[in-house]
Amino acid sequence: MTQTVARLLAESLEAHDVDQIFCVPGESYIGLTSALIERNSMRLVVCRHEGGAGYMAVADGRLRSRAGVAMVSRGPGLSNAMVSLHSAYHDATPMVLLVGQVERKDFGRLALQEQNYSKLLSDVTKQVIEVNEPEQASEAIARAFHIAESGTQGPVAVILPEDIFDETTDAELNQARGRMAAGPRQADLDRLAGMLAEAERPLILVGGAMLADAVADHTAFADLNRLAEEWVLPISPTHRRPQLFDANHPNYGGYMGIRVPPPLISEMKNADLMVALGERLTDSVSQSYSFPAAPQPQLPLVHVWPDANEVGRVWRPDLGIPCSPHEVVKALLQRGAPRDAAKRKGWVSGLNAIHRKLLAKEWDATSDGINFAAIVCEVDKHLAPDATVTSDAGNFGSFIHRYIGFRQGQVFLSSVVGAMGSGVPMAVAASLRRPGTQVVAFVGDGGALMAGNEIATAMQYGATPILVISDNSMYGTIGMHSYVRYPERPFMEGTRLTNPDFAAWARSFGAEGITIRDESEIASGIARAFAVKTRPVVVHCLTSAIQMSAWRRYQGEVLP
Ligand SMILES: Cc1ncc(C[n+]2csc(CCOP(=O)(O)OP(=O)(O)O)c2C)c(N)n1
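Going by our numbering, the sequence shown opens with residue 97, and the numbers climb by one from there.
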């Protein structure tokens, strides 16, 4: 059938179950936008910044375990979206970014807003697919989704010249390619089962690929729990994956975040085996490449990740299994636990006791504003079993990981590379994808004004996130780093912020605005926020700068 490229692209997106695209419009792809609007088979979410649109697609991708889709204009639009590609690439999150391009006759002339995307995006995408022939448009979409969703998942950019959309073609529609997954080899499973049977003090890290498996198949959580219980194993969710294991489960072995608190990490270092189950392994989960040490780990390491290129890339594992982590869990369950698994009971309960102590809802009073611990603990009381929590980047986030006891079934979203500006758009996307459920975004005063404009998008499409802003009047994380590294030097002027009244700012969008000035206002303020439900809420919390993070206080007490 002869049809326009725009129509063929729309049908191809439909064939990949795309029901929502996040975009900032641009003249370079107006041929596609108008065709999509006319066809009306998917929701176009028009955002305020391409970074916001990109993060919404990243969040949507993670929520569905399919590639989230964003659409941006050439040059400036794409440049704004780069930060979301960077996050998706490092975080192995599937994403397809459609990018408008100058007309084909002008290629290479430095035409208005022209960029060479194959060069520009080479280190933030798995692949850049330039569509210059109408006949290849549908094939390009199918390839983009396949590459984004398989192996180490990640972002793929599809570049579409402005003059291609109205051309006609009789090329066939390319249907979605089936998901492919490699299973574990028997010999590898034998070795893994043997290593696990022998180990007296194993550590099991669970990471992002396990989460992707769990979104695709909900039995993954139940299987992981059974494995922990029957094989007597401690389970440690990794950096920004706290929802992978119930914080109150007796087999919870402690959160393997960026800087694991000393009592926990020193006990973890007594391990005699580490199994990274669906964790890519980066500096963020290895205490800056020290545990396990890179490239040669100081303890036997088993690395399970669905991509042979990744296993062994930085670390030299004793056993690498390039497959789905859930498949490994299922295979181990089928084999049955070793008879003497109970020998590990003391090890598991020892780690768990340290973890429980760290999770205790205790904090010290602060004189210069609220200790953010008090806010986070109050929010935790209201969180439903299916709530979504998003976190922007900043020290306020340390309170989330210290004080919220996440449960399987709850959702946690953030930029794993720690990019500011991700928290609010991710919350908007989560609220759109999961209407009627609670969505709470934690943001600093820095991040709030980096991407908080997407409250307008929330208003426009009926999303109802609660944004909890920790306003300590500074880029606190950087102040803390400066203070720790150069204690003798001043740091405030390089990090201080003068802020608006965030509650009034929220009201100007039509959202609810609540201000919490001291501890006595916390319970009623947070309860009010959760009661709103029908529109976005901003909770402006005037927080302490002295309490630099959940674990560190400024010693001089009064900041200069
Ligand atoms: C896009 C981006 N720019 C800069 C940074 C560096 N950075 C990390 S945390 C931080 C400060 C965050 O400040 P705020 O949002 O106020 O939270 P706080 O640390 O005070 O809790 C900065 C500037 C970053 N991670 N991402």
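Beta carbons: idealized from backbone N, C-alpha and C, even for Gly.
{"Check": "DSSP-derived helix/strand/coil call for residue 512", "Outcome": "coil"}
{"Check": "Pair within 8 Å by beta-carbon distance, residue 548 and residue 489", "Outcome": "no"}
{"Check": "Per DSSP, cross-strand counterpart(s) of residue 567", "Outcome": "638"}
{"Check": "C-alpha distance - residue 470 paired with residue 618, whole-angstrom precision", "Outcome": "8 Å"}
{"Check": "Nonlocal neighbours in the same chain, by C-beta distance under 6 Å from residue 342, ignoring five residues either side", "Outcome": "503, 504"}
{"Check": "Residue from 273, 196, 174, 250 whose Cα sits closest to the Cα of residue 186", "Outcome": "250"}
{"Check": "Complete alpha helix (DSSP H) runs within the segment 114-146 (minimum length 4 residues, chain order)", "Outcome": "126-135"}
{"Check": "Cβ contact (3+ pairs, closer than 8 Å) linking the segment 454-473 and the segment 503-517", "Outcome": "no"}
{"Check": "Buried versus exposed, by CB contacts within 10 Å (16 or more), residue 98", "Outcome": "exposed"}
{"Check": "Terminal residues of the alpha helix (DSSP H) in which residue 172 lies", "Outcome": "172-186"}
{"Check": "Close-in-space but distant-in-sequence residues of the same chain around residue 372 (CB under 6 Å, 5 per side omitted)", "Outcome": "301, 399"}
{"Check": "Beta-carbon proximity list for residue 545, same chain, < 6 Å, skipping 5 on both sides", "Outcome": "none"}
{"Check": "Residue 260 versus 360, 540, 102, residue with shortest Cα-Cα distance", "Outcome": "102"}
{"Check": "CB-CB length for residue 252 against residue 240, believed under 8 Å", "Outcome": "4 Å"}
{"Check": "Contacts around residue 453, its chain only, beta-carbon distance under 8 Å, and the 5 residues preceding and following it disregarded", "Outcome": "359"}
{"Check": "Host beta strand (DSSP E) of residue 364 (start-end)", "Outcome": "Looking at the DSSP string, residue 364 is not in any beta strand (DSSP E); the run it does join, the alpha helix (DSSP H), is 358-364."}
{"Check": "Element boundaries [beta strand (DSSP E), containing residue 621]", "Outcome": "Taken as a continuous stretch (DSSP letters only), residue 621 belongs to no beta strand (DSSP E), being part of the alpha helix (DSSP H) at 618-628."}
{"Check": "Selection from 162, 193, 140, 615 that minimises the alpha carbon distance to residue 147", "Outcome": "193"}
{"Check": "Reduced DSSP category for residue 644 - H, G, I as helix; E, B as strand; rest coil", "Outcome": "coil"}
{"Check": "Straight-line Cα distance separating residue 217 from residue 318", "Outcome": "39 Å"}
{"Check": "Start-to-end residues for the beta strand (DSSP E) that takes in residue 369", "Outcome": "369-373"}
{"Check": "Status (buried if at least 16 other CB within 10 Å, exposed otherwise) for residue 580", "Outcome": "exposed"}
{"Check": "Cα-Cα separation between residue 382 and residue 292, rounded to whole angstroms", "Outcome": "21 Å"}
{"Check": "Residue 405 Cβ short of 7 Å to ligand 1 heavy atom set", "Outcome": "no"}
{"Check": "Beta-bridge partners of residue 484, as assigned by DSSP", "Outcome": "507, 535"}
{"Check": "Near ligand 1: residue 574 beta-carbon under 7 Å from a heavy atom", "Outcome": "yes"}
{"Check": "Helix, strand or coil at residue 264 according to DSSP, with G and I counted as helix", "Outcome": "strand"}
{"Check": "beta-carbon residue 566 near ligand 1 non-hydrogen atom, thresh 7 Å", "Outcome": "yes"}
{"Check": "Backbone secondary structure at residue 386 - three-state DSSP", "Outcome": "strand"}
{"Check": "Minimum C-alpha distance to residue 357 - residue among 650, 651, 646", "Outcome": "646"}
{"Check": "Under the three-state DSSP convention, the category residue 352 falls into", "Outcome": "strand"}
{"Check": "Closest Cα partner of residue 178 within the set 517, 413, 465, 537", "Outcome": "517"}
{"Check": "As assigned by DSSP and simplified to three states, the class of residue 247", "Outcome": "coil"}
{"Check": "Proximity test, residue 588 beta-carbon vs ligand 1 heavy atom, cut-off 7 Å", "Outcome": "no"}
{"Check": "Beta bridge counterpart(s) of residue 192 as assigned by DSSP", "Outcome": "165, 252"}
{"Check": "Under the three-state DSSP convention, the category residue 660 falls into", "Outcome": "Here the chain covers residues 97 to 656 and nothing more, so residue 660 does not appear."}
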